Amino acid sequence: MEKTVEEIIAGGGLDVKDAIGYSRSMPLERLLELAGQVTRVCCPGTFDTCSIVNAKSGRCPEDCRWCAQSVHHCSKIQVYPLMDTGRLMKSAMMSKERGIGRFSIVTSGKRLSPSEVESVCRSAEVITRECGIYLCLSAGLLSFGELSRLHSAGICRYHCNLESSPSYFGELCTTHTQAQKIETLKAARSAGMEICSGGIIGMGETMEQRIELASTLKSLGVKSIPLNILSPIKGTALESMPLLPEDEILRTVAIFRLMMPPVRLRFAGGRARLPEKTLMAAFRAGINAAILGDMLTTAGAEVDADMSRIKAAGYSILSPDEVYQMKNEN
Numbered sequence: 001m002e003k004t005v006e007e008i009i010a011g012g013g014l015d016v017k018d019a020i021g022y023s024r025s026m027p028l029e030r031l032l033e034l035a036g037q038v039t040r041v042c043c044p045g046t047f048d049t050c051s052i053v054n055a056k057s058g059r060c061p062e063d064c065r066w067c068a069q070s071v072h073h074c075s076k077i078q079v080y081p082l083m084d085t086g087r088l089m090k091s092a093m094m095s096k097e098r099g100i101g102r103f104s105i106v107t108s109g110k111r112l113s114p115s116e117v118e119s120v121c122r123s124a125e126v127i128t129r130e131c132g133i134y135l136c137l138s139a140g141l142l143s144f145g146e147l148s149r150l151h152s153a154g155i156c157r158y159h160c161n162l163e164s165s166p167s168y169f170g171e172l173c174t175t176h177t178q179a180q181k182i183e184t185l186k187a188a189r190s191a192g193m194e195i196c197s198g199g200i201i202g203m204g205e206t207m208e209q210r211i212e213l214a215s216t217l218k219s220l221g222v223k224s225i226p227l228n229i230l231s232p233i234k235g236t237a238l239e240s241m242p243l244l245p246e247d248e249i250l251r252t253v254a255i256f257r258l259m260m261p262p263v264r265l266r267f268a269g270g271r272a273r274l275p276e277k278t279l280m281a282a283f284r285a286g287i288n289a290a291i292l293g294d295m296l297t298t299a300g301a302e303v304d305a306d307m308s309r310i311k312a313a314g315y316s317i318l319s320p321d322e323v324y325q326m327k328n329e330n
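For the sequence shown, the UniProt record's numbering puts the final residue at 330, and the numbers step up evenly by one.
If you want it as structure tokens, here you go:
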């Protein structure tokens, strides 16, 4: 029997059993309608935006099958060391000038070296002082001490994607574990940061495994959940993976919203290929955050077009100053 919106919200979202049942039997149109109703009740009518800078590219020793930056693959990407403060500051200012609320420094590799941690800290201190934008970081499997140092320098949120379900992650990566990722997220939270974690859909996993991922994120209390759609990259182990159908993407968005009513469900990589109709359906069904601009190794959607689309879906966009003020209030 279908639960009412009130029952879904009162129960903290669908459990795994109900989510699997809804994903298998509920018509897509009804699933999107129900998810949209939950979004409108549980989430503010605001849209949260962020941008990322690929601050250190390539030569990653990890064997993640989807990733163009892995040394195990033959993809053609730019390779360069950690950016200096000047380049990071320029990117942060550009992001703020475009009206994007958060700015995230992203680095390749399993973790930063001690000297790189200090370099990011110096950059964060300058960006916080001179730009005043909410800063996020995605830099691998760092320790509690390193995360505490970064938080004191101005990093407010730490990002580490779980990527896929616990039961499937080992098929995608063998050089580190999902348990290590979870340990890092917990350490970041203990260090005083907010945490951001999500995954990639379309890597050969089942819908049940996507629900397993959502359940894991829910159990960790993650409030910002990036949802990437695999863009197969030539030279990677997943270069021949077929594109995930649009209906399957929308069904996944709706299920994630119904399982986690109050979260920021953040469209990330891979959405640039989606037609306007599908993007708007996703926004109305539960996407209330997004990474704008270019992604790490694939082109992103145009910022101005995204801003117009978000407003057309009925959202108001949180400004950089509004987001930064919320950071100061926490």
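Built from N, CA and C at the ideal position, the CB exists for glycine as well.
What you are looking at is a predicted structure, and each value in this text was computed from that prediction instead of being measured.
Measuring alpha carbon to alpha carbon, tell me which of the options ends up nearest residue i.
{"i": "Ala-55", "options": "Ser-108, Asp-63, Leu-217", "result": "Ser-108"}
{"i": "His-159", "options": "Leu-147, Ser-165, Tyr-168, Phe-169", "result": "Leu-147"}
{"i": "Arg-266", "options": "Ala-237, Ile-310, Glu-239", "result": "Ile-310"}
{"i": "Glu-322", "options": "Lys-96, Ser-164, Gln-78, Pro-27", "result": "Lys-96"}
{"i": "Ser-219", "options": "Met-260, Ala-281, Lys-277, Ala-19", "result": "Met-260"}
{"i": "Glu-239", "options": "Tyr-22, Ile-52, Lys-76, Thr-46", "result": "Lys-76"}
{"i": "Ala-290", "options": "Ala-281, Ser-224, Ser-123, Pro-114", "result": "Ser-224"}
{"i": "Gly-145", "options": "Ile-105, Ala-187, Gly-45", "result": "Ala-187"}
{"i": "Cys-196", "options": "Leu-227, Ser-91, Tyr-80, Glu-205", "result": "Leu-227"}
{"i": "Asn-288", "options": "Ala-268, Glu-302, Glu-276", "result": "Ala-268"}
{"i": "Glu-118", "options": "Gly-99, Ile-249, Ile-155", "result": "Ile-155"}
{"i": "Met-89", "options": "Pro-275, Val-126, Leu-172", "result": "Val-126"}
{"i": "Glu-302", "options": "Ser-104, Glu-208, Arg-273", "result": "Arg-273"}
{"i": "Arg-157", "options": "Val-106, Cys-131, Thr-175", "result": "Val-106"}
{"i": "Asp-63", "options": "Thr-184, Ile-317, Met-326, Lys-110", "result": "Lys-110"}
{"i": "Ser-23", "options": "Gly-198, Gly-202, Arg-189, Met-207", "result": "Met-207"}
{"i": "Gly-99", "options": "Cys-121, Met-83, Cys-67, Ser-51", "result": "Ser-51"}
{"i": "Trp-66", "options": "Ser-308, Leu-213, Gly-199, Gly-293", "result": "Gly-199"}
{"i": "Met-312", "options": "Pro-81, Pro-242, Gly-45", "result": "Residue 312 is actually Ala in this sequence, not Met. Minimum Cα distance to Ala-312 is reached at Gly-45."}
{"i": "Gly-221", "options": "Leu-185, His-72, Leu-292", "result": "Leu-185"}
{"i": "Leu-142", "options": "His-176, Met-93, Glu-171, Met-241", "result": "His-176"}
{"i": "Ala-191", "options": "Cys-42, Gln-69, Ala-153, Val-38", "result": "Ala-153"}
{"i": "Arg-264", "options": "Cys-42, Gln-37, Met-307, Ile-9", "result": "Cys-42"}
Rounded to the nearest angstrom, how far is the Cβ of residue i from that of residue j, given a contact under 8 Å?
{"i": "Tyr-134", "j": "Tyr-315", "result": "Contact flag wrong, Cβ pair sits at about 18 Å."}
{"i": "Leu-217", "j": "Leu-162", "result": "7 Å"}
{"i": "residue 332", "j": "Arg-271", "result": "Since the first residue shown for the chain is 1 and the last is 330, residue 332 is missing from the structure and cannot be characterised."}
{"i": "Leu-28", "j": "Asp-247", "result": "6 Å"}
{"i": "Leu-258", "j": "Ala-19", "result": "7 Å"}
{"i": "Gly-202", "j": "Leu-243", "result": "7 Å"}
Should residue i be counted as a contact of the ligand FMN given a C-beta to heavy atom distance under 6 Å?
{"i": "Thr-177", "result": "In terms of ligand content, the structure shown is empty, and the ligand FMN therefore cannot be addressed."}
Can you give the Cα-Cα distance for residue i and residue j, rounded to whole angstroms?
{"i": "Ser-57", "j": "Gly-13", "result": "38 Å"}
{"i": "Ile-233", "j": "Arg-129", "result": "38 Å"}
{"i": "Thr-297", "j": "Met-1", "result": "Only weak support exists for where Thr-297 lies, its pLDDT of 41 falling under 50; the value from the coordinates is given anyway. When rounded, the distance between both Cα atoms is 44 Å."}
{"i": "Arg-149", "j": "Glu-6", "result": "43 Å"}
{"i": "Ala-299", "j": "Ser-231", "result": "In this predicted model, Ala-299 has a pLDDT of only 42, less than 50, meaning its place in the structure is not dependable enough to derive any value."}
{"i": "Ala-139", "j": "Ser-215", "result": "24 Å"}
{"i": "Lys-3", "j": "Ala-305", "result": "36 Å"}
{"i": "Val-79", "j": "Arg-59", "result": "7 Å"}
{"i": "Thr-49", "j": "Arg-40", "result": "18 Å"}
{"i": "Thr-85", "j": "Ser-319", "result": "24 Å"}
{"i": "Pro-262", "j": "Phe-169", "result": "26 Å"}
{"i": "Ala-281", "j": "Gly-204", "result": "24 Å"}
{"i": "Thr-278", "j": "Arg-102", "result": "25 Å"}
{"i": "Gln-178", "j": "Glu-212", "result": "13 Å"}
{"i": "Ser-91", "j": "Arg-122", "result": "16 Å"}
{"i": "Glu-116", "j": "Val-53", "result": "16 Å"}
Any 3 or more C-beta pairs closer than 8 Å across the region 20-35 and the region 251-264 = yes
Ranges of the beta strand (DSSP E) found wholly within the region 214-277, counting only runs of at least 3 | 224-229, 264-267
What are the uninterrupted segments assigned as beta strand (DSSP E) that are 3 or more residues long and contained completely in the region 79-159, given in chain order?
-> 102-107, 134-138, 155-159
Every unbroken alpha helix (DSSP H) within the region 16-88, with a cutoff of 4 residues, ordered by chain = 16-25, 28-42
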